[in-house]
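Student: Per the numbering used here, residue 16 is the first one in the sequence shown, and the count goes up by one each step.
Cβ atoms here follow ideal geometry from the backbone N, Cα and C, with glycine treated the same way.
These numbers come from a predicted model, not from an experiment.
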Amino acid sequence: MDWMITLVVCFSGLQASQAFNVESPAWQTLTTNSGDPSGWFGYKVVQTGSGLLVSEPLLQTSPTERGRIYKCTTNNCQPIPLSVPVFAVNMSLGLTLTKDPASENTLVRGTPITYYHFDNFDLSKSLESKIPSIRQQGGGTYTALAIEHVVTQVFSPTRGSRRSSKKVLIVITDGASQDHSNLDRAVNGAEAKGIVRFTIGPSTSYRAKAELEKIASRPPKTHVFRVSNFDALDKIRDTLEESIFSIEGRNDLMLLHTFQGGFQMASVGAYDWSGGFRGYSSDGRLTFPQDEQFVEKDSYLGYSMAVAHTRSGPLTIVGAPRYLHRGVVFVYPKSLDISKGQMVDPSPWQSQIGEYFGAEIVTMAVNPTRQMFSKVVLIAAPLHMEEDWEGRVYVCQLTASVMDCQFEEPVVLRGQAGEKGRFGSSMAPLPDLNQDRVYDLAVGAPLENQGQGSVYIFHGDMRGTINPRISQRIAGSDIQPGLQFFGLSISQSSSDLSGDGLPDLAVGSKGKVFLLRSKPIVMVEAQVTFTPAQIPPSPSDCLTPVNISAEVCFTMSGPPSVLQTVQAGINFTLSLDAIRKRAYFTPNVRVRAESFTLNQRGRCFTYRVVIEPCPDDSLNDLYNELTFSFVGVPSTDDLSPSLSQQALTTSYHPLSFKINCENACVDELKVGFNFSGSSAVRVGIDDLLNVTTSLTNLGEDSYNSQVVLTYPAGLSFRKFSTLQGRVECSSVDSENGMSPGRSSCWVYRPILKTNAKVLKGHRSTFTFGNLDHSQHSVLNEKEEIDVKYSIFLSIARWVCTNATHVFWMKQRRSDCSVASCLVFRCNMFMGRAQSSTFTINGNLSSGWISQIGIQSAKFLLISTATLEYDEDTYIFFSAESKHTPPIRKIVTEVEVYPVANFTKEIVGGTFGGLLLLAIITAALYKAGFFKSQYKQMIQEAGTSGEGGEGGNGGGDGGGDGGEAP
């Protein structure tokens, strides 16, 4: 059983906060006289009236007795003598300790002890030697309970009992049982399993005889043995030799939960640790016998159990934390009909292998006015792992008889980030600690901070749930250094043990129980009263300030039982007109701070407040801010109060101006509007468009006068400047390029007084706070202005063969008297960065020259190109031309002269040349030029002929051949 204790201890962990709800130092510490923690004193704690019941389940009081229950006052603990059944040997009394909130009765449970099992049958040879060591226990006789235990827990296949084997049960009793009403149920269970039953006992009374016969199988004649003493057993031994019996048992963790009209008992180890539970009436009758396995093996069904009270009856909620290795919770109606149960399974949204979902279950009514019905079910998964946390608690809602945990987006409670201590190992509903009229919750994390442990406080929510924000973390190290497993158990009820009228919290740890007092939660209200209640109008000279009296009062309320003794230190600050600064205590001093001690009688302070004469803003209230801080002062019993979380530590106390009109102010407003001399908006040339708006009030004061200027999407608001008066403006340009922009300007906010005028450089619409306006008021003004888009074109000589244009020609007279001018005008549309080329060809003739009778002339041909456009829509943009379109000229110089006739000169020259040639030729002839030359040529030819002949004749004439002329 030691391992089971350790396993339960291992379930806890999470976060925390300031000491708001509970005093961190323990008020009282309870322990055993020995102070030895090995018995796990504090494993379970229950408050009962003015005391406590504390269990120590592993304390070995004798070789056959384990576990003890203590009744404790606020000073000490005394063990309670209990009558333990004879078969309950070393049963670890106190593993479960539950109180019925209706009857205030407490149920205590241990685990029955079985000495021998069928699966250690090989040791039966030594039974005779071991039986004497079994010491008979004194107390009552619970025969029916013993039979049920053997039938359900001993004759089990998991402990060696074969289904086909013959089963024999011998019941040896020394008298009438104390649970006689349960015998029928126990016997029927044995009969259903085919167990042959023998009874041995005295029959000294009619009741004892009837009981023996009821227990035994039929016929009683062969199954009932009446003896006067146990020495007679030797005489019937032969009759029993043919029957083999062995009594087997198992150590189960049993869990009890009470409710009005009965209680439920869980058996985690039943059916091969599949688990299960039974229902009993208040008189002990079995109302729901579990005769079969509900869930898978090793599910631990019944590890935790709670009963929720609803309008349709009680719901039994049972946890099976090892179901499919992740855990599940079952919800059963009052009838405990398994077929009508609801399975609450976090899979697949939140489930995690090994998280132990359902290890702890608590039901509670959040709203005290409906405390008879459970509204919230809290299910712990103390082994759920996250990056910074270990353990979580799901907050589920009960609607009628259905539980909804909204696992898609659950409300989850966690401890402090970075702390891994099995958060959720213990839980307990708490009374309304913070005085907000809803119940609260305590969650234990006993393994936090290296096993020192922590307890977390969460507040209830008015919406009927639990606020996941941690209200307070009570660390075990703050309670007592070296503490182990603080938060191992938390009392399911919290009553006043200290006598101060406030609930006290009992928390168990390994070896100790701590009583923690809840702190008195008080409400502090601050109020500021002004006399007179409104600021009167300033004197006409605007020189004399207005004096106001301000009274600041603090009151404290809280639980009547402690209100007479609690005190608190208050530090407060009063700031006058924190936004506009139109008031002061003394010149340049607008803040006043005070410190004092507050008790139930309250405290007030009076100050003189000065209002500046004729403030610009005499419409909007003075928002005076009051802030205070709270520090609890310990009382004589070292109990200090906490300030309620609903208290307003910062409050605003307006002081209004008295309106300077009889019943309603009637203004007479006139608005003027112009474009500051501009006649057109030149897009692309002008960067700014100045707008001037004037507003004049000729009537009574006008409140919250506002000018609204709307402008096209193409414009954006740049700035505004005030020419006269006080103006505050804000602007929002067009967001989608379609809707107009909007600028809103407050004029003399909040009051535009009589005969006041404002000019602002900024179509306009006006809105006003006044309900009545004079019929002469001009509230709307609309102005229009032309818009011209800038264009820029350049004209240059350029060739482009691809350009084709259609043009028309018009002939007109120019201002010259001798020339005809042709004008070509081309209409076209040009896009951005587009160019066009025009080529103009013409024929030039000179007939007109002969008409005027001149032989030659020189003149210029001038071609001019200019630009025409829609001047209502566009404006030419050019810095050089001062926004006039360019003119380009092409000048061609033409020179005209007569054609030259050289016929006479050519003919005369020809004849003259010929004549000259004849004269030259004749002269040469006369000179013999032609003759001598010819003769020489003849002679040279003759000489050549003679030479040839001589040679052939023998060499005569060789000399002549050498005289060549």
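Buried or exposed for Val906, please, with buried defined as at least 16 other CB atoms from any protein chain shown within 10 angstroms of its CB.
Tutor: Label assigned to Val906: exposed.
Student: Spell out the partners DSSP gives Asn603 in its beta bridges.
Tutor: Answer by DSSP bridge pairing: none, since Asn603 is not bridged.
Student: Cα-Cα, which of Tyr638, Pro575, Ile162 is closest to Val606?
Tutor: Nearest of Tyr638, Pro575, Ile162 to Val606, Cα basis: Tyr638.
Student: When you compare only the Cα positions, how much space is there between Lys577 and Gly290?
Tutor: What sits at residue 577 in the sequence shown is Val, not Lys. If you take the alpha carbons of Val577 and Gly290, they lie about 49 Å apart.
Student: So His399 is in the beta strand (DSSP E); what residue range does that whole segment cover?
Tutor: Start and end: 391–400.
Student: Opposite Met320 in the DSSP bridges: which residues?
Tutor: Met320 pairs with Val333.
Student: How about Tyr318 and Val283: are their beta carbons less than 8 Å apart?
Tutor: In this structure, Val283 lies closer than 8 Å to Tyr318 by Cβ.
Student: For Asn449, count neighbouring C-beta atoms within 10 Å of its own C-beta (all shown protein chains included) and say buried if the count is 16 or more, exposed if not.
Tutor: Classification of Asn449: buried, given that the 10 Å Cβ count is 16 or more.
Student: Is Asp631 near the ligand COA, judged by its Cβ being under 7 Å from some heavy atom?
Tutor: As presented, the structure is devoid of all ligands, the ligand COA included, so that no description of it is given.
Student: Pick out whichever of Arg697, Asn689, Asp716 has its Cα sitting closest to the Cα of Ser709.
Tutor: Residue Asn689 is the option with its Cα nearest to Ser709.
Student: Is it a yes or a no for the segment 447–464 touching the segment 420–427, going by three-plus beta-carbon pairs under 8 Å?
Tutor: Because the criterion of three Cβ pairs below 8 Å is not met, the segment 447–464 and the segment 420–427 do not touch.
Student: To the nearest angstrom, how far is the alpha carbon of Thr378 from that of Asn197?
Tutor: If you take the alpha carbons of Thr378 and Asn197, they lie about 30 Å apart.
Student: Is Asn635 buried or exposed, if buried means 16 or more other CB atoms sit within 10 Å of its CB?
Tutor: Its Cβ being crowded by 16 or more others within 10 Å, Asn635 is buried.
Student: With C-beta atoms as the reference, is Val346 less than 8 Å away from Ile368?
Tutor: The answer is no: Cβ separation not under 8 Å.
Student: Applying the criterion that 16 or more other CB atoms from any shown protein chain within 10 Å of the CB defines a buried residue, is Cys557 buried or exposed?
Tutor: Looking at its Cβ environment, which holds fewer than 16 other Cβ atoms inside 10 Å, Cys557 is exposed.
Student: List the endpoints of the continuous alpha helix (DSSP H) containing Ile934.
Tutor: Start and end: 918–941.
Student: Compare the Cα-Cα distances from Pro551 to each of Gly459, Gln431, Arg484, Leu670 and report the closest residue.
Tutor: Per the Cα distances, Leu670.
Student: DSSP puts Met387 in a beta bridge; with which residues?
Tutor: In the DSSP output, where bridge partners are listed per residue, Met387 has none listed.
Student: So, for Asn91: in the same chain, excluding its five sequence neighbours on each side, which residues have a beta-carbon less than 8 Å away from its beta-carbon?
Tutor: For Asn91, where only same-chain residues beyond five positions count, the Cβ hits under 8 Å are Leu45.
Student: Quick one: what's got a C-beta closer than 8 Å to Lys182's C-beta in the same chain, skipping five residues either side?
Tutor: Phe170, Ser176, Lys208, Gly209, Ile210, Val211.
Student: For Lys525 and Glu71, I'd like the C-alpha separation in whole angstroms.
Tutor: Rounded to the nearest angstrom, the two C-alpha atoms are 9 Å apart.
Student: Please report how far the alpha carbon of Leu227 lies from the alpha carbon of Ser192, in whole angstroms.
Tutor: So the alpha carbons of these two residues sit roughly 10 Å apart.
Student: Which ranges does the alpha helix (DSSP H) cover as unbroken runs of at least 4 residues, wholly within the segment 463–532, from first to last along the chain?
Tutor: Here the runs fully enclosed are 463–466, 491–494.
Student: Give every residue of the same chain whose Cβ lies closer than 7 Å to the Cβ of Ser590, excluding the five residues on either side of it in the sequence, and list them in chain order.
Tutor: Within the same chain, Ser590 has close Cβ partners Arg605, Val606, Asn639, Glu640.
Student: Based on the DSSP secondary-structure assignment, which residues constitute the bridge partners of Ile185?
Tutor: Phe213, per the DSSP bridge assignment.
Student: Just the C-alpha distance for Lys919 and Leu929, rounded to the nearest angstrom, thanks.
Tutor: Between Lys919 and Leu929, the C-alpha separation is close to 16 Å.
Student: Considering Cα atoms alone, identify which of Ser564, Val239, Val61 is closest to Cys87.
Tutor: Ranking the options by Cα distance to Cys87, first place goes to Val61.
Student: So Ser644 and Asn586 are in contact, right, with Cβ under 8 Å, and what is the actual spacing, rounded?
Tutor: Correct: roughly 5 Å between the Cβ atoms.
Student: Whole angstroms are fine: how far does the CA of Leu503 sit from the CA of Gly264?
Tutor: Only weak support exists for where Gly264 lies, its pLDDT of 29 falling under 50; the coordinates are left without a value.
Student: Got a sec: is the Cβ-Cβ distance from Asn856 to anything in chain B below 8 Å?
Tutor: In summary, chain B is missing from the structure at hand, where a single protein chain is found.
Student: State yes or no: is the C-beta of Gly439 within less than 8 Å of the C-beta of Tyr454?
Tutor: Going by C-beta atoms, Gly439 is not nearer than 8 Å to Tyr454.
Student: With distances taken from CA atoms, which of Val470, Gly356, Ile376, Val343 is nearest Ser362?
Tutor: Per the Cα distances, Val343.
Student: For Phe783, count neighbouring Cβ atoms within 10 angstroms of its own Cβ and tell me buried if that reaches 16, exposed if not.
Tutor: Reliability of the predicted coordinates at Phe783 is poor, the pLDDT of 43 falling under 50, and the value obtained from them is presented with this limitation in mind. Buried: at least 16 other Cβ atoms inside 10 Å.
Student: Taking C-beta to C-beta, are Trp42 and Ser513 nearer than 8 Å?
Tutor: Yes, Cβ-Cβ distance for Trp42 and Ser513 is below 8 Å.
Student: Between Ser731, Val539, Asp632, Arg618, which lies nearest to Lys673 when the distance is taken from Cα to Cα?
Tutor: Ranking the options by Cα distance to Lys673, first place goes to Asp632.
Student: Pick from Phe529, Lys534, Phe35: whose alpha carbon is nearest that of Thr47?
Tutor: The residue with the shortest Cα to Cα distance from Thr47 is Phe529.
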